[in-house]
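Asker:
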Amino acid sequence: MFFTSSMEADRKIFDADIEVDKAHVVMLKEQDIINAADCSAILSGLDKIKKDGISALDTSYEDVHIALEARLIEIVGEDTGGRMHSARSRNDEVATCIRIALREELLNLMDEVHDLVSTLIELAAKHHETIMPGYTHTQHAQPTTLAHHLLAHSNAFLRDLERLKRAYERTNQSPLGAAAFASTGFQINRKRTVELLGFDSIIENSMDAVSTRDFMIESISSFANLMTDLSRLAEELILWSSSEFGFIELDDSYSSTSSIMPQKKNPDIAELMRAKTGTIHGALVSVLTICKALPYSYNRDLQEATPHLWRACDTARSCARMAEGMVRTMKTDKENMRNASGKGFMCATELADTIVRNTGIPFRTAHHIVGSIAKSGKIPTISVLDDLSMDIIHKKLSENGLSEKAIVEALDPLGNIKRRRVPGGPAPKETKRQIKVIRKELLIAGNDVGLFRKKINAASVKLDKVCKHD
Ligand code: ARG
Numbered sequence: 001m002f003f004t005s006s007m008e009a010d011r012k013i014f015d016a017d018i019e020v021d022k023a024h025v026v027m028l029k030e031q032d033i034i035n036a037a038d039c040s041a042i043l044s045g046l047d048k049i050k051k052d053g054i055s056a057l058d059t060s061y062e063d064v065h066i067a068l069e070a071r072l073i074e075i076v077g078e079d080t081g082g083r084m085h086s087a088r089s090r091n092d093e094v095a096t097c098i099r100i101a102l103r104e105e106l107l108n109l110m111d112e113v114h115d116l117v118s119t120l121i122e123l124a125a126k127h128h129e130t131i132m133p134g135y136t137h138t139q140h141a142q143p144t145t146l147a148h149h150l151l152a153h154s155n156a157f158l159r160d161l162e163r164l165k166r167a168y169e170r171t172n173q174s175p176l177g178a179a180a181f182a183s184t185g186f187q188i189n190r191k192r193t194v195e196l197l198g199f200d201s202i203i204e205n206s207m208d209a210v211s212t213r214d215f216m217i218e219s220i221s222s223f224a225n226l227m228t229d230l231s232r233l234a235e236e237l238i239l240w241s242s243s244e245f246g247f248i249e250l251d252d253s254y255s256s257t258s259s260i261m262p263q264k265k266n267p268d269i270a271e272l273m274r275a276k277t278g279t280i281h282g283a284l285v286s287v288l289t290i291c292k293a294l295p296y297s298y299n300r301d302l303q304e305a306t307p308h309l310w311r312a313c314d315t316a317r318s319c320a321r322m323a324e325g326m327v328r329t330m331k332t333d334k335e336n337m338r339n340a341s342g343k344g345f346m347c348a349t350e351l352a353d354t355i356v357r358n359t360g361i362p363f364r365t366a367h368h369i370v371g372s373i374a375k376s377g378k379i380p381t382i383s384v385l386d387d388l389s390m391d392i393i394h395k396k397l398s399e400n401g402l403s404e405k406a407i408v409e410a411l412d413p414l415g416n417i418k419r420r421r422v423p424g425g426p427a428p429k430e431t432k433r434q435i436k437v438i439r440k441e442l443l444i445a446g447n448d449v450g451l452f453r454k455k456i457n458a459a460s461v462k463l464d465k466v467c468k469h470d
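Counting from 1, position 4 in the sequence shown corresponds to residue 4 in my numbering; the numbering is continuous, with no gaps.
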């Protein structure tokens with residue numbers, strides 16, 4: 001490929017380009033800009049080009065648009081084929097094609113993220129009482145459940161799904177008819193091509209329409225958020241599958257072995273997922289930088305942005321799919337999770353809270369007393385607590401409402417968790433409710449994707465029908 005060529009990246013927009021050509025030509029005929037005979041000859045030429053595929057095009061042209069038009073002229077002659085590009089420029093054409101191909105990518109990615117969230121919540125549903133350590137600073141902090149932890153990830157991915165939807169809505173608008181940037185003196189009908197191509201609306205200002213790639217930036221930025229979330233999941237799967245944690249075992253199909261150490265099972269897929277985040281973040285910075293300070297309207301710089309978009313689409317989609325598969329097939333080790341929860345005095349917060357609730361002393365003072373126990377490494381019995389409270393506040397907690405029973409309850413991890421039933425907390429009752437909410441949201445999100453697809457399909461049926469009629 002030569003320096004000015006975009007042929008390689010244009011593979012992604014070959015099908016879209018033919019759709020755009022068809023809708024444009026039908027509209028030109030309806031507006032009496034070209035005649036019916038030329039219209040139908042062009043349409044059948046386009047069908048043949050579609051059937052032959054992009055590999056039949058002459059790649060010595062600088063892009064798919066020119067190569068396709070040249071091929072059309074070869075098939076139907078210049079007097080007919082040379083009319084297709086009336087009232088249009090490659091500037092509005094390429095922007096329209098990218099949007100059509102991208103909306104498909106967004107819908108496919110939405111499906112993957114949807115699947116990932118449903119797999120996460122199905123697994124969570126089996127682990128409402130699976131106790132595990134919760135961490136801050138990667139240090140044992142407070143006990144939680146695997147359900148609560150998986151639901152944290154699910155919520156993050158749900159927001160990613162929502163962002164993809166927003167990106168979709170802004171992508172699905174038509175720049176077609178903007179021509180080079182100043183629109184055209186032909187009496188075209190922009191609304192008709194919107195309808196035939198399944199867009200939601202036109203992009204009003206014709207200079208804006210060809211100049212902007214903000215829809216690309218917004219899409220890649222939603223991928224970047226998604227990848228950051230995926231990389232955090234990947235990182236935890238890597239940690240949890242290490243022998244230090246031993247919380248999960250990844251399926252063989254998502255692991256590799258070492259070429260030298262026969263005993264090893266490496267979490268390569270999760271590691272690659274973690275690394276591919278860099279590919280997407282890089283794509284985002286590339287496109288932002290390419291678009292930054294570009295004078296209006298179209299500049300060839302914009303061509304250089306598109307390959308980053310396609311790379312980002314492919315990467316995000318494969319990573320979301322891998323994540324779903326890894327979560328679906330991994331084994332969990334409840335025993336190891338429970339054992340790890342016994343370490344690190346993780347019920348210390350609950351003990352301090354219990355002291356506050358039973359004795360009425362301020363939380364900071366209770367924190368101080370429990371902190372002293374943690375430092376001493378002693379087992380927190382009522383007499384140990386009394387000794388410390390005598391030192392610190394000169395009174396015994398046992399004489400102020402604290403019982404041995406309350407202490408034992410505070411130190412029970414499951415009891416701890418069950419008490420945390422405020423909205424969003426890890427109590428099984430609460431995680432069960434959270435799953436119900438997420439299921440509902442998934443249903444709505446799935447419906448939205450279905451409606452988007454329905455609209456596109458209906459437009460494509462309509463376009464096919466008018467093309468056949470011609
Ligand atoms: N291949 C070009 C791109 O991707 C198409 C538009 C070319 N327009 C032009 N005025 N040279 O941006």
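Cβ atoms here follow ideal geometry from the backbone N, Cα and C, with glycine treated the same way.
Everything numeric in this text was worked out from a predicted model, so none of it was measured.
Looking only at DSSP bridge pairs, what is Glu204 linked to?
Answerer: As a position in the sequence shown, residue 204 is number 204, starting the count at 1. According to DSSP, Glu204 bridges with nothing at all.
Asker: Which residues share a DSSP beta bridge with Gly371?
Answerer: Here residue 371 refers to the residue found at position 371 of the sequence shown. Its beta-bridge partners do not exist; DSSP assigns none.
Asker: Mind pulling the alpha helix (DSSP H) runs of 4 or more residues that sit fully within the stretch 241 to 298?
Answerer: Counting only runs of 4 or more, we get 268 to 291.
Asker: Can you tell me whether DSSP reads Pro413 as helix, strand or coil?
Answerer: Along the sequence shown, read from residue 1 onward, the residue named residue 413 stands at position 413. Helix at Pro413.
Asker: With which residues is Gln142 paired in a DSSP beta bridge?
Answerer: To locate residue 142, count along the sequence shown from 1; it is residue 142. Paired residues: Gly134.
Asker: Could you name the residues of the same chain whose beta carbon sits closer than 7 Å to that of Ala471, not counting the 5 residues immediately before and after it, in chain order?
Answerer: Because the chain is modelled from 1 through 470, residue 471 falls outside the range shown and cannot be assessed.
Asker: Mind checking whether the beta-carbon of Leu302 lies closer than 7 Å to any heavy atom of ligand 1?
Answerer: Locating residue 302 in the sequence shown gives position 302, counting from the first residue. Correct: Leu302 has its Cβ closer than 7 Å to ligand 1.
Asker: When you compare each of Leu414, Gly425, Ile355 and Ser206 to Lys382 by their alpha carbons, which one comes out closest?
Answerer: As a working mapping, residue 382 is identified with position 382 in the sequence shown. Looking at the sequence shown, residue 382 is not Lys but Ile. When each option's Cα is compared against that of Ile382, the closest is Ile355.
Asker: Could you tell me if the beta carbon of Asn189 falls within a distance shorter than 7 Å of some heavy atom in ligand 1?
Answerer: Along the sequence shown, read from residue 1 onward, the residue named residue 189 stands at position 189. Checking every heavy atom of ligand 1 against the Cβ of Asn189, none is found closer than 7 Å.
Asker: Which residues in the same chain have their Cβ closer than 6 Å to the Cβ of Val370, if we skip the five residues on either side of it in sequence?
Answerer: To locate residue 370, count along the sequence shown from 1; it is residue 370. Cβ neighbours of Val370 beyond the five flanking positions: Ala348, Leu351 and Ala352.
Asker: On the criterion of 16 or more Cβ atoms from any shown chain inside 10 Å, does Lys375 qualify as buried, or is it exposed?
Answerer: Stepping through the sequence shown from its first residue, residue 375 is reached at position 375. Lys375 comes out exposed.
Asker: Using a Cβ-Cβ cut-off of 6 Å (strictly less than) and excluding sequence neighbours within five positions of Pro428, which residues of its own chain qualify?
Answerer: Counting from 1 along the sequence shown, the entry for residue 428 is found at position 428. For Pro428, where only same-chain residues beyond five positions count, the Cβ hits under 6 Å are His128 and Glu129.
Asker: If you compare alpha carbons, which of Glu430, Asp412, Leu451 and Val449 is closest to Pro143?
Answerer: Position 143 of the sequence shown, counted from the start, is the residue given in the question as residue 143. Among Glu430, Asp412, Leu451 and Val449, the Cα nearest to that of Pro143 is on Asp412.
Asker: Since Ser206 and Ala178 should fall inside the 8 Å C-beta cutoff, what is the C-beta to C-beta distance between them, to a whole number of angstroms?
Answerer: Reading the sequence shown from its first residue, position 206 is the one you call residue 206. Reading the sequence shown from its first residue, position 178 is the one you call residue 178. That belief holds up - the Cβ atoms of Ser206 and Ala178 are roughly 4 Å apart, short of 8 Å.
Asker: Would the beta-carbon of Asp214 be found less than 7 Å away from any heavy atom of ligand 1?
Answerer: For the purposes of this step, residue 214 is taken as the residue at position 214 of the sequence shown. No.
Asker: By DSSP, does Thr332 sit in helix, in strand, or in coil?
Answerer: If you number the sequence shown from 1, residue 332 lands on position 332. Of the three classes helix, strand and coil, the one that applies to Thr332 here is strand, per DSSP.
Asker: Is it true that the CB of Glu430 sits closer than 8 Å to the CB of Arg439?
Answerer: Here residue 439 refers to the residue found at position 439 when the sequence shown is read from its first residue. Here residue 430 refers to the residue found at position 430 when the sequence shown is read from its first residue. It is not a contact, given that the beta carbons lie outside the stated cut-off.
Asker: Since Ser297 contacts Val210 with CB under 8 Å, what's their CB separation in whole angstroms?
Answerer: The residue given as residue 297 occupies position 297 in the sequence shown. The residue given as residue 210 occupies position 210 in the sequence shown. Contact flag correct, Cβ pair sits at about 5 Å.
Asker: Buried or exposed for Ser231, going by 16 or more other Cβ atoms inside 10 Å?
Answerer: Counting from one through the sequence shown, the residue named residue 231 turns up at place 231. Buried: at least 16 other Cβ atoms inside 10 Å.
Asker: For Ile18 versus Lys48, is the C-beta distance shorter than 8 Å?
Answerer: As a first step, residue 18 must be located in the sequence shown, where it is residue number 18. As a first step, residue 48 must be located in the sequence shown, where it is residue number 48. No; because the gap between Cβ atoms is not below 8 Å, this pair is not in contact.
Asker: Glu409 and Gly415: beta carbons closer than 8 Å?
Answerer: Looking up residue 409 in the sequence shown gives position 409. Looking up residue 415 in the sequence shown gives position 415. Yes; because the gap between Cβ atoms is below 8 Å, this pair is in contact.
Asker: Just to confirm, are Leu250 and Ser241 a CB contact at a threshold of 8 Å?
Answerer: Within the sequence shown, numbered from 1, the residue matching residue 250 stands at position 250. Within the sequence shown, numbered from 1, the residue matching residue 241 stands at position 241. Cβ atoms of Leu250 and Ser241: closer than 8 Å.
Asker: With 16 other CB atoms within 10 Å as the buried threshold, where does Gly45 fall?
Answerer: Here residue 45 refers to the residue found at position 45 of the sequence shown. With 16 or more Cβ atoms within 10 Å of its Cβ, Gly45 is classed as buried.
Asker: Report yes if the C-beta of His308 is less than 7 Å from at least one heavy atom of ligand 1; otherwise report no.
Answerer: Taking the first residue of the sequence shown as 1, we reach residue 308 at position 308. False, no ligand heavy atom lies under 7 Å from that Cβ.
Asker: If you compare alpha carbons, which of Gly82, Met27, Lys396 and His140 is closest to Leu338?
Answerer: Stepping through the sequence shown from its first residue, residue 338 is reached at position 338. One point to set straight first is that residue 338 is Arg, not Leu, in the sequence displayed. For the residues Gly82, Met27, Lys396 and His140, the minimum Cα distance to Arg338 belongs to His140.
Asker: DSSP three-state label for Ser89, please.
Answerer: Here residue 89 refers to the residue found at position 89 when the sequence shown is read from its first residue. In the structure shown, Ser89 sits in coil (DSSP, three-state: anything other than H, G, I, E or B).
Asker: Check this for me: beta carbons of Asp79 and Ser6, under 8 Å apart or not?
Answerer: Translated into the one-based positions of the sequence shown, residue 79 becomes position 79. Translated into the one-based positions of the sequence shown, residue 6 becomes position 6. No, Cβ-Cβ distance for Asp79 and Ser6 is not below 8 Å.
Asker: Identify the residues that DSSP records as bridge partners of Ser174: which are they?
Answerer: The residue given as residue 174 occupies position 174 in the sequence shown. Answer is Ile202, bridged to Ser174.
Asker: Would you report the Cα separation of Ser398 and Phe363, rounded to the nearest angstrom?
Answerer: Against the sequence shown, residue 398 aligns to sequence position 398. Against the sequence shown, residue 363 aligns to sequence position 363. About 17 Å.
Asker: So, for Lys455: in the same chain, excluding its five sequence neighbours on each side, which residues have a beta-carbon less than 7 Å away from its beta-carbon?
Answerer: In the sequence shown, the residue the question calls residue 455 occupies position 455. Hits under 7 Å: Gly198.
Asker: One question on the structure: do Asp471 and Ser222 come within less than 8 Å of each other, judged by their Cβ atoms?
Answerer: With the chain running from 1 to 470 in the structure shown, residue 471 is simply not present.
Asker: How long is the line joining the alpha carbons of Thr212 and Glu218, rounded to whole angstroms?
Answerer: Against the sequence shown, residue 212 aligns to sequence position 212. Against the sequence shown, residue 218 aligns to sequence position 218. When rounded, the distance between both Cα atoms is 11 Å.
Asker: Does any heavy atom of ligand 1 sit closer than 7 Å to the C-beta of Ser211?
Answerer: The sequence position of residue 211 within the sequence shown is 211, counting from 1. Not under cutoff, so the answer is no.
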